[in-house]
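Trainee:
There are 2 protein chains.
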Amino acid sequence: MLSKKAKYALQALTFLAQHADQDSTGIAEIAEQEKIPRKFLETILLELKNQGILISKRGKGGGYALRQDAEAISIGQVIRVIDGPLALTPCASRTAFKPCQECKKPDSCSIRLLMVKVRDATAEILDHTTLRHIIDSQSALLYMI
Amino acid sequence: MLSKKAKYALQALTFLAQHADQDSTGIAEIAEQEKIPRKFLETILLELKNQGILISKRGKGGGYALRQDAEAISIGQVIRVIDGPLALTPCASRTAFKPCQECKKPDSCSIRLLMVKVRDATAEILDHTTLRHIIDSQSALLYMI
DNA sequence: ACTAATTCCTATTAATTCTATAGAAATTAT
DNA sequence: ATAATTTCTATAGAATTAATAGGAATTAGT
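First to last, the protein sequences are chains H and P.
Numbered as in our numbering, the first sequence ends at 323 without a single skipped number.
Numbered as in our numbering, the second sequence ends at 323 without a single skipped number.
Below, the structure is given as structure tokens:
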């Protein structure tokens, strides 16, 4: 399951993608529009900034904006940054592989191979879907079919 | 991520599938061989029994066995029983759909449609992989490719 | 009938993670 | 200066997960 944090992050990024014309949008506005707890959103946006997905402007009139165009930010990237690996088990992650304790042969563990297969299918979708797909519902819907 | 409980369940079921010739296998043996905390495993096996995946024999010489053949038990079924829906969000589940609070139109939410797509890809794999595939590593490996 | 071995049941504790908030420092536009 | 904002770090609160406890019920063998 996705955490609330990740869901909030996707909502906020979607909002920012939709307001990419403005050069920055404040936390307060995003929190209010998307109904996300204000202080919680603060920490989330800060994390997205520290991870290079957002840029910020401090002080009066400050706020956040996407660092790159919406088509350059994949949903997979966002979820990994907030919730960690996409894989169902650490031993099935390609970005953060970690073998199970006491697992002698990860290479021949059938459960692991299955989990890798699921991870690959998930990553294939999430790494090829971008914020652009999300905000442009028409192309998104076409893409989905 | 899969819970430890689900991982233990898969280990135990794999073990039972490999010992399907015996008419029952005790908790103690499974716990020892698979290095699963004994008391925790008790509750897991009981749950799998209550969900119709295992049968048990009580009293001296008792134990557990698969209710059906290994090829009739899918990994998706096991994970759902222990961890709940495969989907990353409740609104993307087909077996336990639940809309997000305040979501006006789940039908046109692009994030939801994306999550449904991921769910379907995951379920396609997990519902078509059985304990038989897992224990027969050769056919499993072929299947994986 | 007795004993030992086992599953069954329910409650509880312990540990971990997730969610949210607090409060003040640093920064910036006006 | 002032007001509005992000930044930072800590921590509290809530929920979930992981594990254990202890005894009841059942069964095989003697």
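Glycine residues also receive a C-beta, built at the ideal position from the N, C-alpha and C atoms.
Just curious, the beta strand (DSSP E) that I251 (chain P) is in, first and last residue?
Mentor: For I251 (chain P), there is no enclosing beta strand (DSSP E), since its DSSP letter is neither H nor E.
Trainee: For a quick check, are the C-beta atoms of K238 (chain P) and I303 (chain H) less than 8 Å apart?
Mentor: No, the Cβ-Cβ distance between K238 (chain P) and I303 (chain H) is not below 8 Å.
Trainee: At 4 residues or longer, and completely inside the segment 219–277 of chain P: list those alpha helix (DSSP H) runs for me, N to C.
Mentor: 253–261
Trainee: Does T221 (chain P) come within less than 8 Å of chain H when only Cβ atoms are used?
Mentor: no
Trainee: Counting C-beta neighbours from all protein chains within 10 Å, is the total for S288 (chain P) 16 or more, i.e. buried, or is it exposed?
Mentor: buried
Trainee: Please classify P215 (chain P): is it buried, with 16 or more other beta-carbons within 10 angstroms of its beta-carbon, or exposed?
Mentor: exposed
Trainee: My guess is that I231 (chain H) and Y186 (chain H) are in contact by the Cβ rule of under 8 Å, so how many angstroms apart are they, rounded?
Mentor: Wrong, their Cβ atoms sit about 14 Å apart, outside the cutoff.
Trainee: Counting only beta-carbon atoms, is I214 (chain H) nearer than 8 Å to chain P?
Mentor: no
Trainee: In three-state terms, what does DSSP make of T192 (chain P)?
Mentor: Here T192 (chain P) carries a helix assignment [DSSP, helix/strand/coil].
Trainee: From I323 (chain P) to L291 (chain H), what does the alpha carbon distance come to, in whole angstroms?
Mentor: Low confidence applies here, because I323 (chain P) scores a pLDDT of 46, under 50, leaving its location unreliable; read the following figure in that light. Looking at the two C-alpha atoms, the distance is approximately 10 Å.
Trainee: Which word fits C195 (chain H), buried or exposed, when buried means at least 16 other C-beta atoms lie within 10 angstroms of its C-beta?
Mentor: Before going further, note that residue 195 (chain H) is Ala rather than Cys in the sequence given. Buried, by the Cβ-count rule.
Trainee: Mind checking A175 (chain P): buried by the 16 CB within 10 Å criterion, or exposed?
Mentor: No answer is possible for residue 175 (chain P): the residues shown for chain P start at 179 and end at 323.
Trainee: May I have the straight-line CA-CA distance separating Q200 (chain P) from S181 (chain P), to the nearest angstrom?
Mentor: 29 Å
Trainee: Using a beta-carbon distance below 8 Å, is T308 (chain P) in contact with chain H?
Mentor: Residue contact check for T308 (chain P) against chain H: no CB pair falls below 8 Å.
Trainee: For K183 (chain P) and chain H, any beta-carbon pair shorter than 8 Å?
Mentor: no
Trainee: Could you name the residues of chain H that S315 (chain P) contacts, counting a contact when the two beta carbons are closer than 7 Å?
Mentor: S286, S288
Trainee: When DSSP labels each residue in this structure, what does T300 (chain H) get in the three-state scheme?
Mentor: helix
Trainee: Could you check whether the Cβ of L191 (chain P) sits closer than 8 Å to any Cβ belonging to chain H?
Mentor: no
Trainee: Measure the C-alpha to C-alpha separation of T307 (chain H) and A299 (chain H) and round it to an integer number of angstroms.
Mentor: 13 Å
Trainee: Per DSSP, what kind of secondary structure is I323 (chain H) in: helix, strand or coil?
Mentor: For I323 (chain H), the predicted model reports a pLDDT of 46, less than 50, meaning its position is unreliable; a value from the coordinates is still stated below. Residue state, collapsed to three classes: coil.
Trainee: Report yes or no: is there a C-beta of chain H within less than 8 Å of the C-beta of T267 (chain P)?
Mentor: Yes, T267 (chain P) counts as interfacial toward chain H.
Trainee: May I ask you to list, following chain order, the residues of the segment 292–303 of chain H that have a beta carbon less than 9 Å from some beta carbon of chain P?
Mentor: Per Cβ criterion, the list reads L292, M293, V294, K295, V296, A299, T300, E302, I303.
Trainee: Check each candidate in H:L191, H:L226, H:L224, H:Q229 and name the one with the smallest Cα separation from Q211 (chain H).
Mentor: Of the candidates H:L191, H:L226, H:L224, H:Q229, the one whose C-alpha sits nearest the C-alpha of Q211 (chain H) is H:L191.
Trainee: Can you tell me whether E254 (chain H) is buried or exposed, with buried defined as 16 or more other CB within 10 angstroms of its CB?
Mentor: The displayed chain sequence assigns Gly, not Glu, to residue 254 (chain H). G254 (chain H) is buried by the Cβ-count criterion.
Trainee: Closer than 7 Å by C-beta to M179 (chain P): which residues in its own chain qualify, once you throw out the five before and the five after it? Chain order, please.
Mentor: Excluding residues within five positions, none has a Cβ falling inside 7 Å.
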